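Numbering (the numbering used here), first residue to last: 1257 to 1525.
C-beta atoms are modelled at their ideal positions from N, C-alpha and C, and glycine is treated no differently.
No experiment lies behind these values; they were computed from the predicted model shown.
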């Protein structure tokens, strides 16, 4: 609705995990580097945690895009799977035949694939999103995947990406074998006030803003006050604030625009 008015090429605050819009705060850069390091250097298990809407999925997609062709990847977005379903999902995402329901056959298919790729010098990584929701059965299946290795290399690198509850689950005594296999960890904190301002400007610029469209200091402060550094909430309130600015025919998104956006989001018109 407001794209033409603001002369934007696309919506700057979509909540879809588009890596082009990823803004690298210091912590996002460190998390990104940790994931790249853990995958490229075959560290086995890697853990990435952060609050809801902190940008974990977008970061994971950026990592997948950045990995070179010597690394094959699978991305598992649905954690509500059984152990056999998880293995089939991994096989399917890697382009392998996942017919039938025999878990042992599927694990053997995966192991043969990993050994072949290892001989070719190719690494394999699996990213599991929303990992805090994995069942106990699936957590155990994930742990067993770490047994697929040679004397020199882990054949598969597994990134467990989830909310802080993932850390709590992994701290349980019955998951200590899995926890002890995690060698790379990072937790994404919320954005600061200054990072929120830079985040907003980055997304506007990526969407084609030429500098005429701005969130002023009061507007940015109100966004931060409401979103508390959560990128997902920042996107939601900023999108509605742009709509409020469009209705008011202004290129400066101020406190009033943001407050109207918040009332809209909260259902308090």
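query                                                                                                                              : result
Close beta carbons around residue 1491, own chain, < 6 Å, minus the five adjacent residues each side                               : 1269 and 1271
Cα-Cα separation, residue 1285 to residue 1320                                                                                     : 15 Å
7 Å Cβ shell around residue 1309 - same chain, five flanking residues per side excluded                                            : 1486, 1487, 1488 and 1489
Exposure of residue 1291, with buried meaning 16 or more beta-carbon neighbours within 10 Å                                        : buried
Residue 1295 versus residue 1373: straight-line alpha-carbon distance, rounded                                                     : 15 Å
Where residue 1473 falls, given that 16 or more other Cβ within 10 Å makes a residue buried                                        : exposed
Beta-carbon contacts of residue 1332 that lie in its chain and below 6 Å, excluding the five residues immediately before and after : 1345 and 1384
Buried or exposed (CB count within 10 angstroms, at least 16 for buried), residue 1336                                             : exposed
Beta-carbon proximity of residue 1339 to residue 1393, cut-off 7 Å                                                                 : yes
Beta-carbon contacts of residue 1370 that lie in its chain and below 7 Å, excluding the five residues immediately before and after : 1380, 1404, 1411 and 1412
Beta-carbon proximity of residue 1305 to residue 1446, cut-off 7 Å                                                                 : no
Own chain residues within Cβ distance below 6 Å of residue 1416, not counting five before or after                                 : 1303, 1384 and 1387
Residue 1274 versus residue 1317 - alpha carbon distance                                                                           : 8 Å
Paired residues, beta bridge with residue 1344 - DSSP                                                                              : BP columns for residue 1344 are empty, so no partner.
Inter-stretch contact (C-beta, 8 Å, three-pair minimum) for the segment 1450-1457 and the segment 1466-1484                        : yes
Beta-bridge pairing of residue 1301 - partner residues as DSSP gives them                                                          : 1414 and 1438
Contact set for residue 1517: own chain, Cβ-Cβ below 6 Å, skip 5 residues either direction                                         : 1493, 1496, 1497 and 1500
6 Å Cβ shell around residue 1329 - same chain, five flanking residues per side excluded                                            : 1320 and 1381
Selected residue, minimal CA-CA separation from residue 1260, among 1461, 1465 and 1459                                            : 1465
Sequence-distant residues of its chain with Cβ nearer than 8 Å to residue 1257 (five each side left out)                           : 1499 and 1502
Through-space distance from residue 1334 to residue 1414, alpha-carbon basis                                                       : 15 Å
Distance, residue 1431 Cα to residue 1425 Cα                                                                                       : 8 Å
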